[in-house]
Amino acid sequence: MTRIHAFLFAVLGAMLGAQAFADPVVYTVQTVMDGSLGSMPLNEALVRFTFVGDTQDVHTDSHGVSSIHTGKATISVLSGNQWLTANFARGQVYVRYDVPNGIVGFASVKAANPFYPFALDCGNLDCSQGSVQAGNAAFEDGIAGILDDILVNPTDAAFVSAPVGNLQATLTKSTLLTGFVHSCAGPYAANLTCTVHAAVPLVTDHGDFYAQDMSGTNNAASFLVSVQKLRRDD
Amino acid sequence: MPPGSNGTAVTTQSQPVTYSAYVVTDVSLGGHAFHNAQVTFTFKGDAKDIRTFCMDDPLGSNDNGVSSYFGQGQFIDVGQASVKIETPTQTVSANFTGKKPSSQQNSEVFVSFDKHNSGIGFSSYTGPAGLEPAYPLAFVNGIIGSSVGTVYPNAAALNTTFNASGYAWSCVGYPPLSLLNASQKCNDPVPLATDHGPLIVFQPYNNINTDGTLCCNFGGTLNRGTFSAVAGQ
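If you're matching them up, the sequences are chains A and B in order.
For what it's worth, my numbering labels the leading residue of the first sequence as 122, then goes sequentially.
For what it's worth, my numbering labels the leading residue of the second sequence as 3, then goes sequentially.
Here it is in structure tokens:
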């Protein structure tokens with residue numbers, strides 16, 4: 122990300138912050154995951170994460186990274202034909218969107234990891250190295266990478282269908298982001314599996330949750346932002 | 003799955019199987035439009051009704067340079083298919099009511115796994131060709147398979163429990179880059195009969211060439227989703 126790029130995001134973030142409205146928002150991600158929840162092992166389990174908050178609690182820093190820490194987070198696991206839902210304890214996870222790098226997901230202050238338990242569109246075995254950004258490789262990653270790519274190379278908008286242009290790179294308006302799933306407490310190994318077990322658990326009312334992807338980096342997901350606009354006169 | 007195909011049963015053991023597929027996309031049900039809705043397809047059947055298929059290349063030659071046939075795998079079209087549409091303000095569920103032409107038993111919407119092309123999902127007996135493998139919703143790439151010829155082991159017979167994610171296609175005329183598809187695009191989506199009116203599934207988010215054609219048969223969609231099979235419960 123260039124300095125000019127970062128500056129533009131910071132200005133944009135400040136402008137959006139100044140216009141913040143209080144609207145309920147739900148972030149939803151459904152994907153396949155390895156790890157454990159309480160005594161239940163997760164082996165390529167179908168999981169759904171949700172975070173319910175309010176758009177006025179979304180903050181954007183000077184690097185263009187948006188996050189929301191205030192809200193209720195859950196993880197649901199498909200067990201047989203039933204969904205088992207666990208509530209994360211307060212302060213375990215938050216939602217984070219690094220717009221300049223096109224990386225979005227659930228993060229953890231406790232684990233000191235902005236890409237754990239999962240992040241979409243790292244484009245890289247080590248999320249902290251940022252995304253692959255411009256070029257066709259970004260296109261392979263999904264919508265999160267493409268919106269990032271178009272910000273850097275506006276002419277690349279010619280390579281996506283018109284409705285993609287209606288999607289916004291934000292946590293404060295309804296949108297859809299997609300991409301590969303990075304779910305590891307550290308960088309992936311060369312064999313594309315996660316060998317790093319998180320040092321600390323993420324606490325839920327169904328026990329400790331750990332994520333550790335063992336199925337490679339081809340796992341994909343969508344990240345849905347659903348904002349329910351409240352009636353107001355403005 | 004292909005009309006006229008005489009598939010063999012995968013197993014004689016009777017046990018319930020439930021398949022589900024999830025995507026966020028635009029749909030229309032009974033004339034009501036839903037934008038970026040969470041859409042979940044479900045199919046409930048019996049493992050004894052899973053059958054194999056092997057679909058010959060109708061052109062009699064290699065279509066994409068990698069095979070002498072279009073597809074090979076398993077399918078199940080005896081059972082009940084349904085759809086659930088969720089938005090922030092409402093949830094609507096509907097049962098598919100259509101049947102395979104000239105059949106009273108086989109569902110218009112069914113589940114198939116094309117292990118030769120590493121594609122899995124909800125297919126339908128509809129469209130101009132009478133069979134759409136990737137409509138209303140099918141997946142390629144992702145966990146289900148990263149390249150042609152890759153088989154996701156647990157999905158091999160459709161009669162085991164497994165989960166997968168992949169690139170989500172809701173495409174009439176799949177694969178778009180084929181000798182059988184001159185437009186190199188998905189055709190207009192077609193309605194599928196439900197007890198809440200016709201369901202139409204759109205594929206709005208695509209990776210295209212500057213002339214508007216889809217870039218590719220796998221990466222042409224920018225949407226992602228999940229597929230799940232639960233056996234024995």
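Note that CB positions come from ideal geometry on N, CA and C, so glycine has one too.
All values derive from a computational prediction rather than experimental measurement.
Can you check which of these residues, the options, is closest to residue i by C-alpha distance?
i	options	result
S336 (chain A)	A:T316, A:G223, A:N208 and A:V285	A:T316
L224 (chain B)	B:D28, B:A136, B:A170 and B:G121	B:A170
T128 (chain B)	B:P178, B:A184, B:D190 and B:S185	B:D190
K102 (chain B)	B:T93, B:S126 and B:F115	B:S126
C173 (chain B)	B:N183, B:Q17, B:F55 and B:S120	B:N183
T191 (chain A)	A:F239, A:A311, A:Y148 and A:H327	A:Y148
T181 (chain A)	A:D334, A:I189 and A:D269	A:I189
A232 (chain A)	A:L292, A:L351 and A:V324	A:V324
A121 (chain A)	A:P275, A:G244, A:A279 and A:T276	With chain A running from 122 to 355 in the structure shown, residue 121 (chain A) is simply not present.
V26 (chain B)	B:G214, B:T91 and B:V203	B:V203
When the distance is taken between beta carbons, is residue j closer than 9 Å to residue i?
i	j	result
H198 (chain B)	G32 (chain B)	yes
S249 (chain A)	M154 (chain A)	no
V113 (chain B)	L194 (chain B)	no
A150 (chain A)	F344 (chain A)	Note that residue 150 (chain A) corresponds to Val in the displayed sequence, not to Ala. A contact, by the Cβ cut-off of 9 Å.
L86 (chain A)	T338 (chain A)	Residue 86 (chain A) lies beyond the stretch modelled for chain A, which goes from 122 to 355, so this question has no answer here.
L133 (chain B)	G123 (chain B)	no
F55 (chain B)	Q76 (chain B)	yes
P135 (chain B)	S282 (chain A)	no
V216 (chain A)	L158 (chain A)	no
R226 (chain B)	S167 (chain B)	yes
F280 (chain A)	N211 (chain B)	yes
G121 (chain B)	Q82 (chain B)	no
T20 (chain B)	L167 (chain A)	no
Give every residue of the same chain whose Cβ lies closer than 7 Å to the Cβ of residue i, excluding the five residues on either side of it in the sequence, and list them in chain order.
i	result
T89 (chain B)	F36 and A39
Q349 (chain A)	D144 and P145
T296 (chain A)	L288, Q289 and V346
N108 (chain B)	D79, V80, K101 and K102
Once DSSP output is grouped into helix, strand and coil, what is the label at residue i?
i	result
F280 (chain A)	helix
I52 (chain B)	coil
A265 (chain A)	helix
G168 (chain B)	strand
N222 (chain A)	helix
Q186 (chain B)	coil
D247 (chain A)	coil
Q357 (chain A)	Missing from the structure shown is residue 357 (chain A); chain A here goes from 122 to 355 and no further.
L351 (chain A)	coil
T155 (chain A)	Going by the sequence as given, residue 155 (chain A) is Asp instead of Thr. Reduced to three states, the DSSP call for D155 (chain A) is strand.
Q177 (chain A)	helix
G151 (chain B)	With a pLDDT of only 33 at G151 (chain B), under the threshold of 50, the placement of this residue in the model should not be trusted, and no figure is reported.
D79 (chain B)	coil
D270 (chain A)	helix
Apart from the five residues on each side of it in sequence, which residues of its chain come closer than 6 Å, Cβ to Cβ, to residue i?
i	result
C218 (chain B)	none
V153 (chain B)	Because V153 (chain B) sits at a pLDDT of 40, beneath the cut-off of 50, its placement in the model cannot be relied upon, and the following sentence gives the value as read from the coordinates. If we look at V153 (chain B) and ignore the five residues flanking it on each side, its Cβ neighbours are K117.
S177 (chain B)	First, the amino acid is wrong: residue 177 (chain B) is Pro here, not Ser. Within the same chain, P177 (chain B) has close Cβ partners N219.
T13 (chain B)	A49 and N161
D219 (chain A)	V186
I271 (chain A)	D277 and A278
V179 (chain A)	S187, I189, L292 and T293
Taking 8 Å as the limit between beta carbons, can you name the residues of its chain near residue i, skipping five residues before and five after?
i	result
A341 (chain A)	T152, G263, T299, G300, F301 and V302
Using a Cβ-based criterion (distance less than 8 Å to any ligand heavy atom), does residue i qualify as near the ligand ATP?
i	result
P162 (chain A)	Only the bare structure without any ligand can be found here, which leaves the ligand ATP out of the picture.
Practice item. Taking only runs that begin and end inside the region 8–42 of chain B, name each unbroken beta strand (DSSP E) of 3 or more residues, in chain order. Key: Look at the region 8–42 of chain B and you find these whole runs of beta strand (DSSP E), each 3 residues long or longer: 18–31.
Check your understanding: Which whole runs of the alpha helix (DSSP H) in the region 104–135 of chain B are 4 residues long or more, in chain order?
Key -> As far as the region 104–135 of chain B is concerned, it has no whole alpha helix (DSSP H) run of at least 4 residues.
Point to revise | beta strand (DSSP E) segments (min. 3 residues) lying fully within the region 276–349 of chain A | key: Here the runs fully enclosed are 296–303, 323–325, 328–332 and 341–348.
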